[in-house]
Amino acid sequence: MNLPLFSTYTFDKTFFDEVFEKDEVIRDVYKTLFQLYSDHTTDDFKSLNEKAKASFFNQGITFQVYGVNETKEKIFPFDLFPRIIDNTEWEHIERGVLQRSKALNAFLWDIYHEQHILNEGIVPKEMITSSANYLEEMIGFDPPGGIYNHISGTDLIKHSDGNYYVLEDNIRCPSGVSYVVCNRTALKRALFGVFDQYKIQTVTDYAQNLLEILETVKPEGVDNPTCVVLTPGVFNSAYYEHSYLAKGMGVELVEGRDLFVDNDFVYMKTINGPKRVDVIYRRVDDTFIDPDVFRPDSVLGVSGLFGAYLKGRVCLVNAPGTGVADDKAIYTYVPEIIKYYLKEEPILKNVHTYHCNRPTDMEYVLENIRNLVIKPVDESGGYGISIGNRLTEEEIEKVKQTILKHPRKYIAQPIMSLSQHATYIEDEESFEPRHVDLRTFTLLGRKKDFVLKGGLTRVALKKGNLVVNSSQGGGSKDTWVLKK
Amino acid sequence: MLARVANNLFWMGRYIERSEHIARYLSVNYFSSLDAPNEHSQSRQFVLQSMLFMVGHPHKGDQILHEPDVLYNIGLNMDKEFSIINCVKFARENANSARDLISTELYEAINKFYHFVLNYSVEDYKNKMLYDFTSHIIEFTAILKAKIRTTLLQDEVYSIIKLGVNLERAMQVIRIINAKYNDILIIKNQQSIEITQNQQGQAVGDESQLPKEHRTDTGLEWSTLLKCVESYDMMRRFHKKTPNNINTLDFLILNENCPRSVVNSLAEVAKHIQVLSSEKTIHKGSSIFLVNKIYSEYKYKYIEEIEVDFRTFIKDILDKLVAISKKMEEEYFAY
Chain A
179 MNLPLFSTYT FDKTFFDEVF EKDEVIRDVY KTLFQLYSDH TTDDFKSLNE KAKASFFNQG
239 ITFQVYGVNE TKEKIFPFDL FPRIIDNTEW EHIERGVLQR SKALNAFLWD IYHEQHILNE
299 GIVPKEMITS SANYLEEMIG FDPPGGIYNH ISGTDLIKHS DGNYYVLEDN IRCPSGVSYV
359 VCNRTALKRA LFGVFDQYKI QTVTDYAQNL LEILETVKPE GVDNPTCVVL TPGVFNSAYY
419 EHSYLAKGMG VELVEGRDLF VDNDFVYMKT INGPKRVDVI YRRVDDTFID PDVFRPDSVL
479 GVSGLFGAYL KGRVCLVNAP GTGVADDKAI YTYVPEIIKY YLKEEPILKN VHTYHCNRPT
539 DMEYVLENIR NLVIKPVDES GGYGISIGNR LTEEEIEKVK QTILKHPRKY IAQPIMSLSQ
599 HATYIEDEES FEPRHVDLRT FTLLGRKKDF VLKGGLTRVA LKKGNLVVNS SQGGGSKDTW
659 VLKK
Chain B
48 MLARVANNLF WMGRYIERSE HIARYLSVNY FSSLDAPNEH SQSRQFVLQS MLFMVGHPHK
108 GDQILHEPDV LYNIGLNMDK EFSIINCVKF ARENANSARD LISTELYEAI NKFYHFVLNY
168 SVEDYKNKML YDFTSHIIEF TAILKAKIRT TLLQDEVYSI IKLGVNLERA MQVIRIINAK
228 YNDILIIKNQ QSIEITQNQQ GQAVGDESQL PKEHRTDTGL EWSTLLKCVE SYDMMRRFHK
288 KTPNNINTLD FLILNENCPR SVVNSLAEVA KHIQVLSSEK TIHKGSSIFL VNKIYSEYKY
348 KYIEEIEVDF RTFIKDILDK LVAISKKMEE EYFAY
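Top to bottom, those sequences are chains A and B. Using this note's numbering, the first residue of the first sequence is number 179, and each one after it goes up by one. Using this note's numbering, the first residue of the second sequence is number 48, and each one after it goes up by one.
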């Protein structure tokens with residue numbers, strides 16, 4: 179590549195490159211942007227990169243790194259080269275993730291009520307009964323508006339065949355939406371000139387839509403619901419997001435200690451005495467929400483909260499017990515779940531998944547472990563993942579022993595070729611290809627739904643790395659969805 | 048507003064205000080002493096002791112104070128609870144807990160302030176950049192107060208912050224007055240000793256008995272006091288006289304038009320606590336009652352009533368302000 183900023187860029191045809199169609203040939207949607215970037219020298223870009231980092235720092239979008247002697251604040255790495263998705267491609271994604279969220283909601287209703295899908299053998303009963311996230315307390319309970327997964331984060335990748343595949347569904351407390359907005363803000367501040375050349379969908383309407391969704395699931399008999407965001411507190415790594423969402427919605431950001439339950443109603447402690455709370459967008463996991471019912475040692479939750487919920491006096495968002503449907507073992511059945519409840523063909527593809535608890539699948543996994551990714555079914559954040567072709571003989575043996583011991587706990591998938599995207603690498607002072615995925619955000623309410631037109635493009639910053647999670651050293655990019 | 052968050056906002060206001068007063072006290076005292084007309088005011092030890100007295104940690108014993116250590120402890124030492132860096136850190140921590148309620152502009156300004164202090168070179172500060180450091184602190188706090196005034200909804204959130212700011216301002220101004228008053232007493236005391244020695248055993252005389260170059264001009268200390276509260280120019284404009292004990296104390300304690308006077312701060316406290324109170328009748332013993340009581344007391348006072356027994360005044364007013372702060376915690380911040 180002639181441009182100094184792309185001097186070390188190596189096109190690799192094994193992967194789908196989001197920016198380059200083939201070596202030195204830029205995809206149409208990126209042409210204008212590429213032209214604009216070519217006006218920048220290496221030093222210009224270095225300085226812009228520093229400014230973008232400072233923007234995050236000044237906004238206080240940081241996380242703590244605890245050392246022996248001191249605690250340092252760091253920003254989540256942000257990349258100045260946005261990912262661009264054209265309108266047609268986006269419409270496909272949007273229809274696909276909404277379809278998935280609706281189907282999973284129908285599935286959750288069914289497994290906590292009549293269990294038709296289990297009785298008809300479409301999803302094996304033991305998948306549910308053996309799941310740590312299935313809450314028996316929720317059986318027979320009708321959540322307000324019939325909604326369980328009000329907020330879903332769906333992780334997508336683009337494979338070398340150019341198609342999007344769903345990697346996983348996150349319907350407990352998916353995080354990352356605040357970074358979508360922050361990335362846009364930082365990019366606008368650093369490279370405002372490029373925005374003249376593209377018509378980009380906004381991402382700032384998420385909080386307003388979230389509030390409207392929360393208000394649709396108010397308890398019976400409440401006209402003007404008081405909604406709040408429940409956070410574990412300032413030390414939680416996603417605290418910035420919690421405060422961002424509360425501020426964006428104009429609602430209170432509460433901690434467990436700010437709430438109490440009296441006569442099955444939930445109140446917050448204000449300077450003018452108790453005030454009733456009707457809808458809680460909780461960013462506290464199921465097991466911590468109520469020490470009376472779940473973990474007794476939890477100081478993050480509220481005593482009596484789950485009881486108030488079951489009496490219909492308050493709505494919890496997402497509903498407790500949704501985790502059973504984003505279990506990676508259930509993931510395999512999502513295409514069937516979509517067909518069963520919606521009578522539609524799945525719009526987005528699933529990555530083929532092998533269940534270690536099925537003897538034939540287990541046999542295949544053990545024989546082909548080098549070509550597979552092994553994932554625990556109930557972990558998130560990229561923890562516990564083993565990528566077959568990166569393991570030593572000794573490590574492979576260890577993984578084999580583990581899955582043989584706990585077959586229900588593991589699934590395996592072919593190693594997917596995550597697409598690559600030009601990413602600014604500070605050490606090289608130039609762009610290099612790095613693997614990316616895309617997390618979309620979908621909202622479901624009573625007679626209302628919404629998909630954020632954008633999403634979080636996560637980047638694996640280490641060369642060749644496929645794990646994009648921020649907890650594993652990943653960064654992120656602004657994601658532009660183009661208007662028609 | 049949540050009681051916990053109200054508490055955070057109250058303390059955010061207090062710490063912002065506190066950092067400003069400490070920085071100004073350091074700067075004004077240090078630089079005015081450099082060319083002070085008499086030996087006492089010019090003495091490094093005297094200035095360093097005054098700084099420590101102001102932050103509530105008076106120097107005890109005869110040990111010589113080391114200037115870089117004192118500056119470091121008051122400015123950037125995280126292990127000293129009273130340091131400016133800790134005030135800024137606590138202000139930001141409190142802002143973090145109320146981040147959803149304050150404007151993005153205010154939060155970003157606090158955050159920038161924190162990173163400025165955190166990243167300030169300790170060596171530069173101790174050895175050559177005291178003026179730069181303290182000027183920045185004063186400027187940052189002015190920006191913060193402008194952001195508070197111009198970007199927040201003027202509701203309970205605003206009033207809670209303003210309560211913190213004004214209560215702290217009243218307390219800090221009293222502390223500053225007390226510290227400078229203490230300086231003047233030390234000077235006078237020293238002067239008495241010198242006169243005594245000069246008279247070689249005769250009864251203590253007055254200052255006029257000293258050679259001119261040894262006479263102490265406490266007017267400088269009163270001027271310094273006014274500058275420590277950023278009120279020197281306006282005091283001159285108002286009184287048109289050289290600062291002395293009566294006109295300075297009158298201006299800083301009882302002048303309702305002086306934005307930093309104690310009585311002005313109390314008037315602000317009384318105004319903002321009214322916004323928080325949902326009750327129409329004021330109950331005796333409530334924080335709103337106590338605030339209005341102390342405000343009325345000082346509103347209708349002569350400076351001579353205070354000056355005659357200054358130590359009692361200091362103790363009495365600080366005790367009353369602490370009692371108000373405690374009562375507010377009980378009434379509004381209990382969670």
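From the three backbone atoms N, C-alpha and C, an ideal C-beta is built for every residue, glycine too. Small disclaimer: the values here were computed from a predicted structure and weren't measured.
DSSP three-state assignment for Q598 of chain A, whether helix, strand or coil: strand
Extent of the continuous alpha helix (DSSP H) to which A189 of chain B belongs: L177 to T198
Residue-level contact to chain B via CB, R367 of chain A, 8 angstroms cutoff: no
Nearest-angstrom beta carbon gap, G60 of chain B and I208 of chain B [assumed within contact, 8 angstroms]: 4 angstroms
Beta-carbon contacts of L582 of chain A that lie in its chain and below 6 angstroms, excluding the five residues immediately before and after: none
Amino acids of chain B, ordered along the chain, whose beta-carbon sits closer than 7 angstroms to that of L494 of chain A: Correct list: empty, because the minimum Cβ distance to chain B is about 19 angstroms.
I131 of chain B burial status per 10 Å Cβ neighbour count (16 or more: buried): buried
Three-way DSSP call (helix, strand, coil) for E155 of chain B in this model: helix
Straight-line Cα distance separating L148 of chain B from K425 of chain A: 6 angstroms
Segments assigned beta strand (DSSP E), at least 3 residues, entirely inside the segment 436–517 of chain A: 437–440, 443–448, 451–455, 457–460 and 493–495
Meets three-Cβ-pair contact criterion under 8 angstroms: the segment 70–79 of chain B and the segment 290–300 of chain A: no
Extent of the continuous beta strand (DSSP E) run through N348 of chain A: Y342 to N348
Under 7 angstroms (Cβ pairs) to chain B, residues found in the segment 215–246 of chain A: F235, N236, Q237 and G238
Where I378 of chain A sits in the DSSP three-state scheme: strand
C-alpha distance - L214 of chain A paired with R362 of chain A, whole-angstrom precision: 18 angstroms
Three-state secondary structure (DSSP) of F57 of chain B: helix
Residues near F100 of chain B in its chain [Cβ-Cβ closer than 7 angstroms; skip 5 each side]: A226 and N229
Residue-level contact to chain A via CB, D147 of chain B, 8 angstroms cutoff: yes
Spatially closest choice to Q237 of chain A from A:K252, A:E604 and A:A284, by CA coordinates: A:K252
Residue-chain proximity (V251 of chain B, chain A), Cβ-Cβ < 8 angstroms: Because V251 of chain B carries a pLDDT of 44, less than 50, the predicted location of this residue cannot be relied on, and the following value inherits that uncertainty. No, V251 of chain B does not count as interfacial toward chain A.
Where the alpha helix (DSSP H) containing A284 of chain A begins and where it ends: N265 to I289
For H337 of chain A and F189 of chain A, believed in contact at Cβ under 8 angstroms, the rounded distance: With 8 angstroms as the limit, F189 of chain A and H337 of chain A do not qualify as a contact, their Cβ atoms being about 17 angstroms apart.
Simplified DSSP state of V659 of chain A, which is helix, strand or coil: strand
Positions along the segment 49–82 of chain B whose CB lies within less than 7 angstroms of some CB in chain A: L49, A50, R51 and A53
Environment of G252 of chain B [buried if 16+ CB atoms lie within 10 Å]: Summary for G252 of chain B: the model assigns pLDDT 47, below 50, so the residue's position carries little reliability, and this model does not support an answer.
Whole runs of the alpha helix (DSSP H) within the segment 542–612 of chain A, excluding any shorter than 4 residues: 571–583
Beta-carbon separation (whole angstroms), L334 of chain A vs D615 of chain A, contact threshold 8 angstroms: 6 angstroms
Cβ contact (3+ pairs, closer than 8 angstroms) linking the segment 91–98 of chain B and the segment 166–175 of chain B: no
Contacting residues, own chain, Cβ-Cβ under 8 angstroms from F184 of chain A (five flanking each side not counted): A600, S608 and F609
CB contact check: E203 of chain B to chain A, cutoff 8 angstroms: yes
Neighbour list for Y382 of chain B in chain A, Cβ cutoff strictly below 7 angstroms: R435, D436 and K447
Closer than 8 angstroms to chain B by CB, K425 of chain A: yes
For K576 of chain A and V555 of chain A, believed in contact at Cβ under 8 angstroms, the rounded distance: Contact flag wrong, Cβ pair sits at about 18 angstroms.
Endpoints, alpha helix (DSSP H) assigned at I329 of chain A: Note, I329 of chain A: premise wrong, no alpha helix (DSSP H); beta strand (DSSP E) at I329 to K336.
8 angstroms Cβ cutoff, Y154 of chain B in contact with chain C: Of the chains in the structure shown, none is chain C; the protein chains are A and B.
Separation of I589 of chain A from A507 of chain A, as counted between CA atoms: 7 angstroms
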